[in-house]
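Engineer: With the first letter of the sequence shown counted as 1, position 50 gets the number 53 in this note's numbering; the numbers rise by one all the way through. Backbone N, C-alpha and C define an ideal beta-carbon position, used for all residues, glycine too.
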Amino acid sequence: QTAQLIAEDPVLAATGRLLWPIPHAAITQGFGPTPYVFEASYAGFPHFHTGIDLAVPLGTPVFAAADGVVVLARPMADSGGQLVGYGNYVIVQHDAGL
Numbered sequence: 004q005t006a007q008l009i010a011e012d013p014v015l016a017a018t019g020r021l022l023w024p025i026p027h028a029a030i031t032q033g034f035g036p037t038p039y040v041f042e043a044s045y046a047g048f049p050h051f052h053t054g055i056d057l058a059v060p061l062g063t064p065v066f067a068a069a070d071g072v073v074v075l076a077r078p079m080a081d082s083g084g085q086l087v088g089y090g091n092y093v094i095v096q097h098d099a100g101l
């Protein structure tokens, strides 16, 4: 479906912009330093969130930001493997190492 969206809007491909995976989603936690102690240290910060968390109703379609291959898709779990109820975790490998 991502390829179809890009085909329908050639500006996306021409500018190299990535698609927002869920239009109108609420950002529940952004990328970067965070006060949340459960986040690991990174880049000299004691706690750093390395993704962007989005909240939408159950069943909402989620699109890849660009064409790629899903390398991991699973429910969120803690280090002991217990589901934590924070939704799903998806990693998509795009061209150029993105």
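DSSP state of T56, grouped into three classes?
Structural biologist: Before going further, note that residue 56 is Asp rather than Thr in the sequence given. It is a strand residue.
Engineer: Provide the residue(s) that pair with G71 in DSSP beta bridges, ordered along the chain.
Structural biologist: Looking at the DSSP assignment, G71 forms a beta bridge with H97.
Engineer: Quick one: what does DSSP say V40 is sitting in, helix, strand or coil?
Structural biologist: Three-state result, V40: coil.
Engineer: Under DSSP, the beta strand (DSSP E) around I30 begins and ends at which residues?
Structural biologist: Counting along the chain, the beta strand (DSSP E) containing I30 begins and ends at A29 to Q32.
Engineer: Residues in the same chain with beta-carbon distance under 6 angstroms from A29, minus the five sequence neighbours each way, listed in chain order, please.
Structural biologist: Correct list, in chain order: A58.
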